[in-house]
Structures are given as C-alpha cells and as structure tokens.
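Residue numbers (the numbering used here), protein chains in the order written: chain H, 81 to 337; chain Z, 2 to 239. Input: a single structure, listed below in structure tokens.
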Amino acid sequence: MVREQRLAEVFVELADTLVEEFDVVDFLQTLTERCVELVDTDAAGLMLDDQRGHLQVVAYTDESARLLELFELQKAEGPCLDCFASGQVIANVDLADARSRWPVFAGAAREVGFAVSHALPLRLRRQVVGALNLFTVAPVRLTDDHLAVVQGLADIATIGLLHERAVRDRVVLAEQLQTALHSRIVIEQAKGVLSARGGTSVGEAFRLMRTHARRTGEALTVVAEAVVAQELGVEELRGGRPGTRRGSGAASPGAAS
Amino acid sequence: MESRRTAEILSAVVADSVDVTDLPIGLLRACAHALPVTGVGLALMDDRGPAGTIAATDGRALQLEELQFTLGEGPCVDASRSGRTVLQPDLAVTAPFRWPAFAGGALTAGIRAVFALPLRVGAIRLGILDLYRDSPGALSGAQLTDALSFSDAATLLLLHLQAGSAAIGPPSESLPVLDDRAEVHQATGIVSVHAGVSLADALLLLRARAYTEHRAIGELARDVLDGIVDFRPERDGH
Numbered sequence: 081m082v083r084e085q086r087l088a089e090v091f092v093e094l095a096d097t098l099v100e101e102f103d104v105v106d107f108l109q110t111l112t113e114r115c116v117e118l119v120d121t122d123a124a125g126l127m128l129d130d131q132r133g134h135l136q137v138v139a140y141t142d143e144s145a146r147l148l149e150l151f152e153l154q155k156a157e158g159p160c161l162d163c164f165a166s167g168q169v170i171a172n173v174d175l176a177d178a179r180s181r182w183p184v185f186a187g188a189a190r191e192v193g194f195a196v197s198h199a200l201p202l203r204l205r206r207q208v209v210g211a212l213n214l215f216t217v218a219p220v221r222l223t224d225d226h227l228a229v230v231q232g233l234a235d236i237a238t239i240g241l242l243h244e245r246a247v248r249d250r251v252v253l254a255e256q257l258q259t260a261l262h263s264r265i266v267i268e269q270a271k272g273v274l275s276a277r278g279g280t281s282v283g284e285a286f287r288l289m290r291t292h293a294r295r296t297g298e299a300l301t302v303v304a305e306a307v308v309a310q311e312l313g314v315e316e317l318r319g320g321r322p323g324t325r326r327g328s329g330a331a332s333p334g335a336a337s
Numbered sequence: 002m003e004s005r006r007t008a009e010i011l012s013a014v015v016a017d018s019v020d021v022t023d024l025p026i027g028l029l030r031a032c033a034h035a036l037p038v039t040g041v042g043l044a045l046m047d048d049r050g051p052a053g054t055i056a057a058t059d060g061r062a063l064q065l066e067e068l069q070f071t072l073g074e075g076p077c078v079d080a081s082r083s084g085r086t087v088l089q090p091d092l093a094v095t096a097p098f099r100w101p102a103f104a105g106g107a108l109t110a111g112i113r114a115v116f117a118l119p120l121r122v123g124a125i126r127l128g129i130l131d132l133y134r135d136s137p138g139a140l141s142g143a144q145l146t147d148a149l150s151f152s153d154a155a156t157l158l159l160l161h162l163q164a165g166s167a168a169i170g171p172p173s174e175s176l177p178v179l180d181d182r183a184e185v186h187q188a189t190g191i192v193s194v195h196a197g198v199s200l201a202d203a204l205l206l207l208r209a210r211a212y213t214e215h216r217a218i219g220e221l222a223r224d225v226l227d228g229i230v231d232f233r234p235e236r237d238g239h
C-alpha cells in the first residue's frame, strides 16, 4: 500500500511543476523517479512517440548502459512497443517466462538482473503518445493499488505534455513531443560536456545540472544550454552560486590541468 | 532507431543529384512532391533567427523566407529562435494575432498554412525546413511523420555539407541515419571538450571514426563514455 500522504505530496509536487515555463524533460524525469519511489520497482523509463514511427526514451532513473539498452531495443520488440501499439497496460510480465514473446528483450532484461517488467500507456483519448516502463529485481507482482498509482502518474505525464493548453488539438501535442525530444538531446549533450570538463560521471553531471535548475528556478534545458555554450561551468554548478552569467564576459581563468 | 524512410529519402535525393550542391534543392523538391504542400524552403538558422536561405522550390517559398527575414517575425523566425516545431495549419486564423506584419504579407502572397521544422541535434542548430501550402489544413499524422523524416534527412544533409571537405565518403554512404541513443549525444559532449571543437564537429568526428572503423556509432559512443576511446589530441611523451 502506498502511503497516502506521500502520494498526495508527489501529486502536489507534479502539479506544482506544471507552471507556465516548465521543463518537460525535467518534469518527466521527476515523474519516473517518483514511480520508483512510490511503488515496488527498481528502475523506470519513459518513452515518447517520436512521430517517425518509433519510441524514444526521454527520461530514465539510472544511467547504466544496460538499462538504456533495454529501452533502446524496445524500438524493435518488447512490452513498451506492444503497449504503445495497443494502448493496453502490460503489467507483471514475468521475464523468465517471456522469451517466446520477446526473445531479445526478455533475455537482455534478465541479464541486467530484472525479474518483472511493466508497461503502461500514455494516452490522450484514443491516441497513445508514449509508454512508461518499469522494472523490478525481485520476482514480485505489482498490486492493483500500485498499478493504479502508476497509471495515475502516466496520465499526469500526458497532461504535462499538453502543457495545460486545453486538449486543443493534435497540432499542439505534436509540437510538444518534438520539443521534449529536442530538449532531451541537449541535456544528454550537456551531460557529456560537463562530465568531460569536471571529470565526473554523466550521472553526477546530470545531478549537478538539476540541482542548479532547482536552486535558480531555471528550466533544466536552459541550464543544459548554458553548459553547452560554456556559460556555466562545473565550479558554478558545484559552488551553488545563484544565477548564471548569461552572455557577458567574466571569462574564468581556464587553467589547464 | 534506423528510420528507413529517412535513409530512403536521402538515397533517392543523392541518386538524382549530379553534384553535391544540388542536394538541398533535390531534397526540397522531393519533400514538396511527397507531401500535400505547395512549396518548401530551407534556411540556415541560429538562436537569433533565420540566417539566410539555402534553397527554395519556388518564388513563393523564397518570398516566405525573405518576408520573415525582413520583418524579423513569423513562424520560421519563432522556430529558429526557440528551436521548436511551429505548425500553423491556418494562418488566417492564427497569424494576425501572433505575427501581425508577417500575416499581411503572407496572406497576400497566398500562403495559407506554414509548417516550420527546426533542423537540430539538441544544441546543434543547423536550419529550418519550411513547408507552406496555398490552402489551409493540417498535416495528417502520417504526413507529419513523413515531414519529420524529411527534416531528419535535411538535418543530416546540412551536417554533411557543413563538414565540407572533411566529409567522409560519398553522401549516400556517409549519411547514415542518426542514431538517437542517449550515449551518442553524451559522447558528442565529451568529444567536443576533449578535442576542443564544437558539438557539430564532435558529432562529425564520431561519425567519421565509426565510418572508417566500420562500427556502429552507438558502440563507439559507449567506448568514449567508458574512456576506452579518446579524442584528446596526442601529447608528446605520452
């Protein structure tokens, strides 16, 4: 049973994020993290329709290459792909028993150490815009209560994508999906830039950028763009100095190490 | 994420072009032909807005670009500045409020719908593909999918042209579709710092190396992340 108070807090937190200039990728990232926190799962990822006939991962809870690979190969087969195609929840997939249905995916997921997987659709009326994918190490099934919580989170993700601009039309949704995908790439590039400059892991680079975004109230994508443009360095992100030096001079002494 | 459609578009355009300089217009013509649009334009962009027209299928498409360049407003200008896709299925309804000066000129010229697709790989901003039509109407889901495949093809083409003489191999071979996995973009960031180059050049370095080593770019990217492959300039005595 999910603790009701924590559940309420998470829903308020997510609703609170949906302000005028919110960052879609940051929002979806928070959502996947809360999924793992609230229900009995160990990893989560959120995939969106790239409108070219594929699913593209835009948020995930763990930087490991092998988890990323699990999302990647679901472009070809796996519960997410089937969930995306059918709009149906595919819950409590026993991976030991799924080799006949998804031979590559089930094998890879077992190798990572997962026993159970779930895929839930992000739906807007009849249109499916993506899927939320969960993994569990222990061979335990999700209760109906937990599944209802996860579906609630998936529905909030869809609302977030629509950016409260009323469910006006497909056009707005298409624009938002493209924006989310572009933003996600900027953030990945910035993780690489920051990790190379600061000698950190990409995971740590991501944490630094998010913490900075929270502290300054800037969108995560804006922070990532500043990192890529070399307007924001590791020291500023680590030091927690408020505000970024957008645009102007103040070149930091780039002592080569 | 091998987008077969993108690869198909590129190889058809390459097959029909006599010379590398024909590729942009070839791509635009193919796009205008494949979709229910009247014309297509391709402009360079940076975060200040459009920075020059590369090619256009017809006079009106060129006019669309120039109008916005002159006025500094319009769907393509917004798409350039924000890097976002701007879909305007009915300019008569939306444009007068959003871009008053542009609306007058565009509607007078008979431009009734504009779909501006930014050509970018994250922070690498290359250009804008502008589709217009002389009657209002949205693109269907399948048409939008195709338009986005053309924008992917145009993105790869601009990357290739940007590489200039550094471009590797003939376009048909060296323009494999973008591998959109997270590792490739992270590695692009790492290589840009290590090699001291822009993100665009870093992506080209990765692609060139994958091409010459006959490896998947995703696999090479993973090696960069793991520190197995290094793009730092070699130092003396090391």
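From the three backbone atoms N, C-alpha and C, an ideal C-beta is built for every residue, glycine too. Given the structure is predicted, the values throughout are model-derived calculations rather than measurements.
DSSP three-state label for residue i, please.
i: residue 242 of chain Z; result: Because chain Z is modelled from 2 through 239, residue 242 of chain Z falls outside the range shown and cannot be assessed.
i: residue 56 of chain Z; result: strand
i: residue 190 of chain Z; result: helix
i: residue 216 of chain H; result: strand
i: residue 79 of chain Z; result: helix
i: residue 124 of chain Z; result: coil
i: residue 280 of chain H; result: coil
i: residue 154 of chain H; result: helix
i: residue 140 of chain Z; result: coil
i: residue 217 of chain Z; result: coil
i: residue 15 of chain Z; result: helix
i: residue 109 of chain H; result: helix
i: residue 237 of chain Z; result: Here residue 237 of chain Z scores only 48 on pLDDT, less than 50, and its place in the model should not be relied on; the value that follows carries that caveat. Here residue 237 of chain Z sits in coil by DSSP.
i: residue 331 of chain H; result: With a pLDDT of 36 at residue 331 of chain H, under the threshold of 50, the modelled position of this residue cannot be trusted, and the question is left open.
i: residue 185 of chain H; result: helix
Taking C-beta pairs closer than 7 Å, name the residues in chain H that residue i reaches, listed in chain order.
i: residue 122 of chain Z; result: 265
i: residue 17 of chain Z; result: The contacting residues do not exist; residue 17 of chain Z stays about 23 Å from chain H at best.
i: residue 215 of chain Z; result: Result: empty, since nearest Cβ-Cβ is about 20 Å, beyond 7 Å.
i: residue 145 of chain Z; result: 131 and 254
i: residue 200 of chain Z; result: 269 and 308
i: residue 194 of chain Z; result: 273, 276 and 277
i: residue 45 of chain Z; result: Ordered by position in chain H, no residue passes the 7 Å Cβ test against residue 45 of chain Z, which lies about 17 Å from the chain.
i: residue 130 of chain Z; result: Neighbours of residue 130 of chain Z on chain H: none; closest Cβ ~12 Å, over 7 Å.
What does residue i touch in chain H if you count any residue whose Cβ is under 8 Å from its own?
i: residue 187 of chain Z; result: 268, 269, 271, 272, 275 and 282
i: residue 4 of chain Z; result: 132, 133 and 134
i: residue 86 of chain Z; result: 254, 255, 258 and 259
i: residue 190 of chain Z; result: 268, 269, 270, 271, 272, 273, 274, 275, 276 and 308
Following a CB-centred definition, is residue i positioned closer than 8 Å to any heavy atom of the ligand ATP?
i: residue 260 of chain H; result: Annotation note on the ligand ATP: not contained in the displayed structure, which lists no ligands.
Measure the Cβ-Cβ separation of residue i and residue j and say whether it is below 9 Å.
i: residue 156 of chain H; j: residue 215 of chain H; result: no
i: residue 207 of chain Z; j: residue 152 of chain Z; result: no
i: residue 114 of chain Z; j: residue 89 of chain Z; result: yes
i: residue 127 of chain Z; j: residue 163 of chain Z; result: yes
i: residue 251 of chain H; j: residue 242 of chain H; result: no
i: residue 263 of chain H; j: residue 143 of chain H; result: no
i: residue 300 of chain H; j: residue 290 of chain H; result: yes
i: residue 195 of chain H; j: residue 175 of chain H; result: yes
i: residue 164 of chain H; j: residue 210 of chain H; result: yes
i: residue 148 of chain Z; j: residue 43 of chain Z; result: no
i: residue 167 of chain H; j: residue 146 of chain Z; result: no
i: residue 106 of chain Z; j: residue 135 of chain Z; result: no
i: residue 90 of chain H; j: residue 230 of chain H; result: no
i: residue 98 of chain H; j: residue 267 of chain H; result: no
i: residue 85 of chain Z; j: residue 258 of chain H; result: yes
i: residue 272 of chain H; j: residue 314 of chain H; result: no
i: residue 217 of chain H; j: residue 198 of chain H; result: no
Interface residues of chain H around residue i at Cβ under 9 Å?
i: residue 223 of chain Z; result: 145
i: residue 150 of chain Z; result: 132 and 133
i: residue 207 of chain Z; result: Those within 9 Å of residue 207 of chain Z in chain H number zero; the least Cβ separation is about 11 Å.
Would you list the one or two residues that DSSP bridges to residue i?
i: residue 119 of chain Z; result: Z:129
i: residue 126 of chain H; result: H:139 and H:212
i: residue 173 of chain H; result: H:197
i: residue 40 of chain Z; result: Z:133
i: residue 202 of chain H; result: H:210
i: residue 28 of chain Z; result: Paired residue(s): none; residue 28 of chain Z is not in a bridge.
i: residue 87 of chain Z; result: Z:117
At 8 Å on the CB atoms, spell out the chain Z contacts of residue i, in chain order.
i: residue 313 of chain H; result: Per Cβ cutoff of 8 Å: no residues; residue 313 of chain H is ~11 Å from chain Z at best.
i: residue 305 of chain H; result: 124
i: residue 262 of chain H; result: 84, 85, 119, 121 and 123
i: residue 251 of chain H; result: 88, 90 and 139
Residue i touches chain Z at which residues, Cβ-Cβ below 9 Å?
i: residue 148 of chain H; result: 182, 183 and 184
i: residue 137 of chain H; result: 182 and 183
So residue i contacts chain Z; which residues on that side make the cut at Cβ distance below 7 Å?
i: residue 152 of chain H; result: 182
### Message
Pairs of beta-carbons, one from the region 99-111 of chain Z and one from the region 73-83 of chain Z, closer than 8 Å: are there three or more?
### Response
The region 73-83 of chain Z and the region 99-111 of chain Z touch, with three or more beta-carbon pairs separated by less than 8 Å.
Notebook entry, point to check: For the 8 Å Cβ check, are there 3 or more pairs between the region 222-234 of chain Z and the region 181-194 of chain Z?
Noted result: Between the region 222-234 of chain Z and the region 181-194 of chain Z there are three or more inter-stretch CB-CB distances shorter than 8 Å, so the stretches are counted as touching.
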